[in-house]
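Undergrad: Residue numbers (my numbering): -16 to 132. Glycine included, each C-beta is placed from N, C-alpha and C at the ideal position. These numbers were taken from a predicted model, which means no experiment stands behind them.
1) Check for me: the alpha helix (DSSP H) holding residue 52 runs from which residue to which?
2) May I ask you to report which of helix, strand or coil DSSP gives residue 75?
3) Taking the continuous beta strand (DSSP E) assigned at residue 16, which residues delimit it?
4) Please classify residue 99 as buried or exposed, where buried requires at least 16 neighbouring CB atoms within 10 angstroms.
5) In three-state terms, what does DSSP make of residue 92?
6) Which class does residue 127 belong to by DSSP, given the choice of helix, strand or coil?
7) Work out the CA separation of residue 79 and residue 31 for me, nearest whole Å.
8) Do residue 55 and residue 131 count as a contact pair if the criterion is CB distance below 8 Å?
9) Taking its Cβ as the centre, do 16 or more other Cβ atoms sit within 10 Å of residue 111, making it buried, or is it exposed?
10) Starting from the Cα of residue 64, find the closest Cα among 46, 91, 73 and give me that residue.
11) Beta carbon of residue 104, beta carbon of residue 23: below 8 Å?
12) I'd like to check one pair, residue 21 with residue 127: are the Cβ atoms closer than 8 Å?
13) Provide the residue span of the beta strand (DSSP E) that contains residue 110, from first to last.
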C-alpha cells in the first residue's frame, strides 16, 4: 500500500512539474482584436522619453490583429496619400514582427526597402506599446495603442 501511495505522489509531482513547465513556455502576449493609436513617444540616446506626440486634427491609426494576420490603416486629413497595409505577424520573446504582404502605394515604397518591421512589445491590460529600436539597441519611437472594444 505504501508503494502505491508513493507511486501516486511521484506521478502527481511529475505531472505538476510538467504542466508548470508547459505554462511558462506560452507567450504572455495577445494582440487579437482592434487597437487605436493614442499617442507616440520620442526617445533620447539613453532610452528616456523626451517628447509625447499627440494625434491632432482628426489623425487616426487603427490596427487589427487576428489569427496571425495584421491589417492597419491611417487617416490624416493633412495628407492626401492613402496609408494601409496587410500581412502577417508573430510575437516571440517580447518582439513583435510584422511582415507586410501588400499595402497602399506610399507604403509599398517603404515595404520595398523594409520587408519586416520589428518592435519591442510592452503589453498592458487593454493597451500595448510597440517600440522601434535602432541597431545599437536604442529606442527611437514608441506607438501607444488602446484596445477598442
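TA: The relevant details are as follows:
1) In the chain shown, counting from the first residue as 1, residue 52 sits at position 69. Element bounds for residue 52: not the alpha helix (DSSP H) but the beta strand (DSSP E), 52 to 58.
2) Translated into the one-based positions of the chain shown, residue 75 becomes position 92. Note: residue 75 maps to strand in three-state DSSP.
3) Position 33 of the chain shown, counted from the start, is the residue given in the question as residue 16. Start and end: 16 to 26.
4) For this step, residue 99 is matched to residue 116 along the chain shown. Label assigned to residue 99: exposed.
5) Position 109 of the chain shown, counted from the start, is the residue given in the question as residue 92. Reduced to three states, the DSSP call for residue 92 is helix.
6) Start at 1 with the first residue of the chain shown, and residue 127 comes out as number 144. If DSSP states are grouped into helix, strand and coil, residue 127 belongs with the strands.
7) Residue 31 sits at position 48 when you count from the first residue of the chain shown. Residue 79 sits at position 96 when you count from the first residue of the chain shown. Distance between the alpha carbons of residue 31 and residue 79 is about 21 Å.
8) The residue labelled residue 131 in the question sits at position 148 within the chain shown. The residue labelled residue 55 in the question sits at position 72 within the chain shown. For residue 131 and residue 55, no; Cβs fall outside 8 Å.
9) Reading the chain shown from its first residue, position 128 is the one you call residue 111. Classification of residue 111: buried, given that the 10 Å Cβ count is 16 or more.
10) For the purposes of this step, residue 64 is taken as residue 81 along the chain shown, with counting starting at 1. The candidate whose alpha carbon is nearest that of residue 64 is 91.
11) Numbered from its first residue, the chain shown carries residue 104 at position 121. Numbered from its first residue, the chain shown carries residue 23 at position 40. Going by C-beta atoms, residue 104 is not nearer than 8 Å to residue 23.
12) Against the chain shown, residue 127 aligns to sequence position 144. Against the chain shown, residue 21 aligns to sequence position 38. Yes, these two residues count as a Cβ contact at 8 Å.
13) Counted from its first residue, the chain shown places residue 110 at position 127. Segment 110 to 116, the beta strand (DSSP E) holding residue 110.
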